[in-house]
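Numbering follows numbering that gives the first Met the number 0, with no gaps: position 30 of the sequence shown is 29.
Ideal Cβ placement from N, Cα and C applies to all residues, glycine included.
Just so we're clear, the structure is a prediction, and the values are computed from it rather than from any experiment.
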Amino acid sequence: MKRLFPVPHVIGFASSLLLSLIALVVIKFDLTFAMGMTILGVTALVQAGLQLFLFMHVSENEDKKTLFTNIGYALFVGLVTIFGTLFAMMWGYNMG
């Protein structure tokens, strides 16, 4: 039973919750813009790295081409999501 328990998934989930709570500090406390963006950026990068290694099983593949393709695709999707969200939020805010 012990080998069937997904320890990396539980660690990833718990750390995602912790990083999300750290990111909430930006909303709860009156921080400067630079400090808030720094906290959000660091938590986003750490969370993305954790998801690559804990949820996508990047470290389990020994084929380097597949490994770099998976990492490149994950970075592409992440950056498109981040910048697309920022673009939509700023564009929508300026339209109204």
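Residue i classed as buried or exposed, judged by whether at least 16 other C-beta atoms fall within 10 angstroms
i     : result
Thr68 : exposed
Backbone CA spacing between residue i and residue j [nearest angstrom]
i     : j     : result
Phe82 : Val41 : 16 angstroms
Leu18 : Val9  : 14 angstroms
Asp29 : Leu23 : 11 angstroms
Leu3  : Met89 : 45 angstroms
Leu85 : Gly71 : 21 angstroms
Cβ neighbours of residue i in the same chain (closer than 7 angstroms, five flanking residues each side left out)
i     : result
Val25 : Gly35, Ile38 and Leu39
Ser14 : Leu49
Distance between beta carbons of residue j and residue i, contact taken as under 8 angstroms
i     : j     : result
Gly11 : Leu49 : 6 angstroms
Gly77 : Ala47 : 6 angstroms
Contacts around residue i, its chain only, beta-carbon distance under 6 angstroms, and the 5 residues preceding and following it disregarded
i     : result
Ile21 : Thr42
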